[in-house]
Structures are given as structure tokens and as C-alpha cells.
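Student: Top line first, the protein sequences correspond to chains A and B.
Per numbering that gives the first Met the number 0, the first sequence runs over residues 0 to 297.
Per numbering that gives the first Met the number 0, the second sequence runs over residues 0 to 292.
All residues carry an ideal CB built from backbone N, CA and C; glycine is no exception.
Keep in mind that this is a model prediction, so the values were computed, not measured.
Following this message is one structure expressed as C-alpha cells.
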Amino acid sequence: MKPINRTARSQINGILFALPWILGFLVFTLYPLLQAFYYSLTKYNLLKEPKFIGLSNYIKIFTDDSLFLKVLYNTLYMVVFGVSISIVVTLLISLLLNDKRLKGTAGFRVMFFIPTLVPTIILCVLWMLIYNSGGSGGGLMNQMLALVGIKGPEWLGDQHWSKMALIIMRTWGAGNLIIIFLGGLQSISEELYEALSIDGGNFLQKTFYITLPMLKPIIVYNVITSIIVTMQNFNEAFIMTKGGPADSTYMYALYVYRNAFQYSNMGYASALSWIMLVITLALTLLALKASGWLNESE
Amino acid sequence: MAGQVVSKTQNRKKLNLRGRINYVETGILYLILLLLTAIYVIPFLWLLSSSLKDPTEIFRVPIVWIPKTLRWDNFVRATTDIPFFRYLGNTLLIIVGVVTGSLISNTLVAYSFAKIEWKGRNALFIIVLITMMMPYQIVMIPQFLFFHKIGWTGTFLPLIVPHFFGNAFFIFLLRQFFVGIPNEISQAARIDGANEFTIFSRIVLPLCKPAITTVAIFAFLNTWNDFLGPLIFLTSDKKYTLAIGIQQIMSVNDPRWNVLMAAGVLMTAPVLILFFLLQKYFIQGIAFTGLKG
Numbered sequence: 000m001k002p003i004n005r006t007a008r009s010q011i012n013g014i015l016f017a018l019p020w021i022l023g024f025l026v027f028t029l030y031p032l033l034q035a036f037y038y039s040l041t042k043y044n045l046l047k048e049p050k051f052i053g054l055s056n057y058i059k060i061f062t063d064d065s066l067f068l069k070v071l072y073n074t075l076y077m078v079v080f081g082v083s084i085s086i087v088v089t090l091l092i093s094l095l096l097n098d099k100r101l102k103g104t105a106g107f108r109v110m111f112f113i114p115t116l117v118p119t120i121i122l123c124v125l126w127m128l129i130y131n132s133g134g135s136g137g138g139l140m141n142q143m144l145a146l147v148g149i150k151g152p153e154w155l156g157d158q159h160w161s162k163m164a165l166i167i168m169r170t171w172g173a174g175n176l177i178i179i180f181l182g183g184l185q186s187i188s189e190e191l192y193e194a195l196s197i198d199g200g201n202f203l204q205k206t207f208y209i210t211l212p213m214l215k216p217i218i219v220y221n222v223i224t225s226i227i228v229t230m231q232n233f234n235e236a237f238i239m240t241k242g243g244p245a246d247s248t249y250m251y252a253l254y255v256y257r258n259a260f261q262y263s264n265m266g267y268a269s270a271l272s273w274i275m276l277v278i279t280l281a282l283t284l285l286a287l288k289a290s291g292w293l294n295e296s297e
Numbered sequence: 000m001a002g003q004v005v006s007k008t009q010n011r012k013k014l015n016l017r018g019r020i021n022y023v024e025t026g027i028l029y030l031i032l033l034l035l036t037a038i039y040v041i042p043f044l045w046l047l048s049s050s051l052k053d054p055t056e057i058f059r060v061p062i063v064w065i066p067k068t069l070r071w072d073n074f075v076r077a078t079t080d081i082p083f084f085r086y087l088g089n090t091l092l093i094i095v096g097v098v099t100g101s102l103i104s105n106t107l108v109a110y111s112f113a114k115i116e117w118k119g120r121n122a123l124f125i126i127v128l129i130t131m132m133m134p135y136q137i138v139m140i141p142q143f144l145f146f147h148k149i150g151w152t153g154t155f156l157p158l159i160v161p162h163f164f165g166n167a168f169f170i171f172l173l174r175q176f177f178v179g180i181p182n183e184i185s186q187a188a189r190i191d192g193a194n195e196f197t198i199f200s201r202i203v204l205p206l207c208k209p210a211i212t213t214v215a216i217f218a219f220l221n222t223w224n225d226f227l228g229p230l231i232f233l234t235s236d237k238k239y240t241l242a243i244g245i246q247q248i249m250s251v252n253d254p255r256w257n258v259l260m261a262a263g264v265l266m267t268a269p270v271l272i273l274f275f276l277l278q279k280y281f282i283q284g285i286a287f288t289g290l291k292g
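In C-alpha cells:
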């Protein structure tokens, strides 16, 4: 076989093998992406053909839609506080599980991971029950809090606590973050710690001078994937709270869904989804920049 | 001399003290760990316990952990009050399609990105990575309109067919695995005149069983968990999946929590069993695919 022949052949083979994804990308990603942009410039209610209205949808979203501001605020609240809390809690648990002074933590790891295996719908139903007091103060959450002398709020029924209720539930189900953190922690060389031990470094110094800097790429990875997932949060709002009370858990994704499938405002929903894409990309870049990754690669 | 002895005993005292402090520290750490473990385990125990309760025990003060009589009939009702087995059958049917599609398409594509040299490969792989951070909402509406136009809404097809065209997370996972397989083997086969598909299916795939198993597990889990997809595309309750079916019976006023929790146990159990049988594949896959959407 001649070499030229071989290059040409591998070019053809390469494209043929990648063809499923190439077609899928064109049909199920790129085309919908562009089409969504076109729809975002139209008024479209499924019954009549899309009618071109220019930037009207975007103008209305930014100037005359208080619900948009509300859902954006709620979603960003979950991104900022929800992601921070679940990252900090899962990181602390991972540090604890990885602590050399503690023996037999392998069994504990499974305990922290099991909640992650509970299917989303069941997770939602279970936590609705946990927060529910049955009208008589008999829910699990508030009974546990009462044991330590705290009178718990109405959680999902209280607009000041509903977001925190969702954050607690999310953190409970975030064992996947722990698994990823542990993988990172285990790959940090023991020699680094030993070197610091000889110099008399204590636990806190070890954590701040070795563990966290070495773990940084993993932390950034977990933060970014959490941001992306949180931006798309739909299930909790739809299943547990319907966005309430007083729109306090009305998430962006639910607003897109309702506009599209309940109010049949396909154009408006498409404009919202494009704004969502831009915000997600911006937040991802921001997280990358804050972590210094973008500068390092330059 | 004397001074040295003194400082030695002082040192020893210090060491003893240090040893004791270490014990106390370790003890405290164990306590924190136990406390955290309890916090993580309790909601899960609550799921199990509630699934066996009488309705009157659900909100009782103080908490009932072990129901007076174990109401196993909750599990019977969970499968008869709702068409549980029909929903299960629907879910499994979709899963078979999704897992088949995922395995065929993603192995082929990942092989191309990992093992075949071709122009444009790296640029396209970067696009694969970029699509990983795109919100589903952006393609959801046009995809719905497209499937609506060709008459597929209300069927399982919109939930299955796209999986025959690759998934960025799985392509990424498999590619990383394929890259680790030495090129010498496939090159030797190529010189012997084996065609690319033979090398792929006879040489590379058999070496990648762990990665392929991981993809199968996560394709299963994603579909088992999926809520938004079936919510958009399925229109009649004959076609509902378990996730949607359970949501439907929950949204009635005054839900029967004990029956719901029994349904919850039934839906969680297969995932747990799969996890304990195939633990290492779960751990492997989690780094690449977010488990929760």
C-alpha cells in the first residue's frame, strides 16, 4: 500500500467513524442552536407560522419582564450560594475521609455516596416529605432540629428558607463531588507532606500549603460542572415547589419550560434560552479566569 | 550534661503531651465523621422506614423509626395503585434503545478521535468538549418542534434516536481510555492488511471492556433518572416512564406518602444493586459524567 493512499484512507475512515457524532452535532445541536436563535426573533405560538419581530423579545425580556429578573436572581443565588456551600461541605468531608489519622474510612465513603444514587424524582419526593411537617410539626427535619432546641421554619413553604431547603437537599445528593475530590486527594504525593512534616508543619499548614493548591484543578473542575448543572436546575422547582412560594424557587429553566410548553410562547422561550446559553458560557469563563487557568495557558 | 538530660526529659514530656493531643484530635475527627455520616444516612433511613409505615405514623411526634407493624402491603399498593409495571416496562424499553445507541455510536466516534489520524480531528474534538457545557434548554425547543413536525412526539423515538448519534461525555470518556491503548497493536494489524473496522471491533474494543461497561451503566442511569425528556416528549400516560408516573401520582392533593416512599425504594433498589456489583465502574464514570442533571 502506498503512503499517500494510506493517508487518504485514514482521512476517509476517520470521518466515517466520527460520522454519527458529526451528523448528530449538525442535526441535534448546531441546527437547533441556530433555529432557536431564529425563533428568538419571532412570535411563534405553534398554531401560526413564526412571525419575524426583530429584537422585540429581547427588549421585552430586559426592560419589561420582572419575572425574568426574579428567575435570574433565584438561579444566580443557587449558583453562588448553592455551589459554594456544596463545594465547601463536600470538600471538608473529602478531607476528613482522606485523613491519614482516621482508619477504616472506606466504609464511610459508601455512606456519603448512597444519596447520589437515589433517582432525582425520588430525591425530590423524599425531601418533600422530610421538610413537610404534616401540619403538626411532625416532619423529620424539624423534629431533628427540635432535638437540638431549634424551631425550624416551614422550609419549602417559607419563601425565606425555600432556596436554602433546595441547597441542603442538593448538597446531600452531591456524593459525586466527594468521589472526584477523593480521587484528586489520593493522587497528591505523600512525599510533599513528609517534607513539610520535617519542617514542623501542622495540619492547617499542610491543608493550605499543599492539599488545596495541589487540588486546585479538581476544585475548579467540580465548581464548573456544578455551575453548569445548577444553571439548568429544573426538576426540584418543577416537582417540589412549582417555583413557589412567592416565586422564591422559580428557576430559569422552569421559566423557559413554562413559556415554551405551557404558554406556547416558543419565540420568547427561545430568546430566554439564548440568554441562558450566554450566561452559562460567561460564568464558565469567569470561573476559569478566577482560577487563573486562562492566564496560565497563554 | 545535666542540662542535656533535663532537656531530654522535657522533650519526652512534650512528646507525651503531643501524643495525647493527637489522640484527642483523632477522637474529635472521628466524632465529626460519625456525626456527618449520621446526617447523610438519616434521610435514607427515613425513606426505608416511611415505606413500611402506616399513614398515621408518617408525621407522628416523636419520630417513629420502626413502624409498629411493617406495612409490606405499601409495596403491593405501589405496584397496583399506579401502573408500576407498565411504567417500568416503558422505562426499560427506552433504556435498551439508549444503551444500544450509546454503545454503538460513542465507541465508533471515540475510536476515530483517539486512533485514526485525520485532518480536522482536533478541531472537532474541541467542539465535542464545548457542547458539554451547553444547557439542554437551548436545543430543547427546536428539537421538540422538529420531532413534533415528523410526528414522533408521544412516542419513545425522540428519547432514543438522538443517542445513536453520540454523546459528548461518553465520547470524551471512551477517547481517554482508547488513547491509553498502545498504537503498536493496531499498527501491526494494519500492516497485516486488517481494515479499520476489524481493528476497532476485534482488537481495540475487547481491550476496552471496563470503559464500555461504564458507558452502559451511565447510559442506563441517565435514562432511569431522566425527567425533563419524558416530560416534554411523552403525551399519554400509557407511555409514561417511572419518573413521570411517580410525579403524576405525587402531584395529587394529599399524597399517600407511605406508598410513594415504597415506590421510591423500588426505584432506588436497582441502582443500589448495580452500584454494589459494579462499584469501580461507577467511580470511573463519575469523573467524566455528572450523575445528576
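For L46(A), go through chain B and note every residue whose CB falls closer than 7 Å to its CB, in chain order.
Tutor: Those do not exist, as L46(A) stays about 12 Å from chain B at its closest Cβ, beyond 7 Å.
Student: Going straight from the alpha carbon of Y208(A) to that of L284(A), what length do you get?
Tutor: If I take the Cα positions, the gap works out to 26 Å.
Student: With the cut-off set at 8 Å, would you say P31(A) and V108(B) are in Cβ contact?
Tutor: Note that the C-beta distance between P31(A) and V108(B) is not below 8 Å.
Student: Looking at V117(A): is its Cβ nearer than 8 Å to the Cβ of G81(A)?
Tutor: Going by C-beta atoms, V117(A) is not nearer than 8 Å to G81(A).
Student: For F112(A), I'd like the list of residues in its chain whose CB is within less than 6 Å of its CB, leaving aside the five on either flank, ordered along the chain.
Tutor: Taken in chain order, the residues that qualify are G174.
Student: With contact counted as at least three CB pairs below 8 Å, one residue from each stretch, are the region 95-113 of chain B and the region 162-173 of chain B in contact?
Tutor: yes
Student: Any beta carbon from chain B within less than 8 Å of E297(A)'s own beta carbon?
Tutor: Only weak support exists for where E297(A) lies, its pLDDT of 40 falling under 50; the coordinates are left without a value.
Student: If N221(A) and L176(A) are in contact, beta carbons under 8 Å, what's the gap, nearest whole angstrom?
Tutor: 5 Å
Student: Got a sec? Which residues, its chain only, sit under 7 Å from F219(B) by beta carbon, not counting five neighbours each side?
Tutor: The answer, listed in chain order, is I94 and V98.
Student: What residues from the region 276-287 of chain A come within 8 Å of chain B, judged by C-beta to C-beta, listed N to C?
Tutor: Of all residues in the region 276-287 of chain A, L276, T279, L280 and T283 have a Cβ within less than 8 Å of some Cβ in chain B.
Student: With DSSP as the reference, label K114(B) as helix, strand or coil.
Tutor: helix
Student: Identify which residue in Y267(A), Y262(A), G138(A) and G291(A) has its Cα closest to the Cα of T55(B).
Tutor: Selected option, being the one with the closest Cα: G138(A).
Student: Along the chain, where does the alpha helix (DSSP H) containing I84(A) start, and where does it finish?
Tutor: Its alpha helix (DSSP H) spans residues V82 to L96.
Student: Can you tell me which of the three DSSP states K42(A) falls into?
Tutor: strand
Student: So, is the C-beta of L156(B) closer than 8 Å to a C-beta in chain A?
Tutor: no
Student: Using 8 Å as the limit for Cβ to Cβ distance, is Y249(A) near chain B?
Tutor: no
Student: In terms of residues, what are the limits of the alpha helix (DSSP H) holding E183(B)?
Tutor: Element bounds for E183(B): N182 to I190.
Student: Quick one, are the C-beta atoms of Q142(B) and V255(A) less than 8 Å apart?
Tutor: It is not a contact, given that the beta carbons lie outside the stated cut-off.
Student: Could you have a look at F58(B) and say whether DSSP puts it in helix, strand or coil?
Tutor: Coil, per DSSP.
Student: Applying a beta-carbon distance threshold of less than 7 Å, which residues of chain B neighbour P118(A)?
Tutor: W223, N224, A242, M266, T267 and V270
Student: Could you tell me the distance, in whole angstroms, from the CA atom of I57(B) to the CA atom of S135(A)?
Tutor: 11 Å
Student: What is the DSSP secondary structure of F207(A), counted as helix, strand or coil?
Tutor: helix
Student: Step through the CB atoms of chain A and report whether any lies within less than 8 Å of the CB of Y280(B).
Tutor: Answer no: the Cβ-Cβ gap between Y280(B) and chain A never drops below 8 Å.
Student: Which of the three DSSP states, helix, strand or coil, is assigned to G2(B)?
Tutor: With a pLDDT of only 49 at G2(B), under the threshold of 50, the placement of this residue in the model should not be trusted, and no figure is reported.
Student: Could you check where the alpha helix (DSSP H) with Q246(B) kicks off and where it finishes?
Tutor: L241 to M249
Student: Should G179(B) be flagged as near chain A, meaning a C-beta pair shorter than 8 Å?
Tutor: no
Student: Just to make sure I have the definition right: I need the residues of chain B whose C-beta is within less than 8 Å of the C-beta of M110(A). Which are they?
Tutor: T36, Y39 and V40
Student: Between the alpha carbons of M0(B) and Q204(A), how many angstroms are there, rounded?
Tutor: The pLDDT assigned to M0(B) is 44, lower than 50, so where the model puts this residue is not dependable, and the model offers no usable value.
Student: Do three or more CB pairs link the region 228-245 of chain A to the region 86-97 of chain A at distances below 8 Å?
Tutor: Touching, no, given that fewer than three Cβ pairs across the two stretches are closer than 8 Å.
Student: Rounding to the nearest angstrom, what Cα-Cα distance links I149(A) and I31(B) in this structure?
Tutor: In a straight line, the C-alpha of I149(A) is about 20 Å away from that of I31(B).
Student: Per DSSP, which residues does K50(A) bridge with? Please list them.
Tutor: K42(A)
Student: V203(B) and Y280(B): beta carbons closer than 8 Å?
Tutor: Taking 8 Å as the cut-off, the Cβ atoms of V203(B) and Y280(B) do not count as close.
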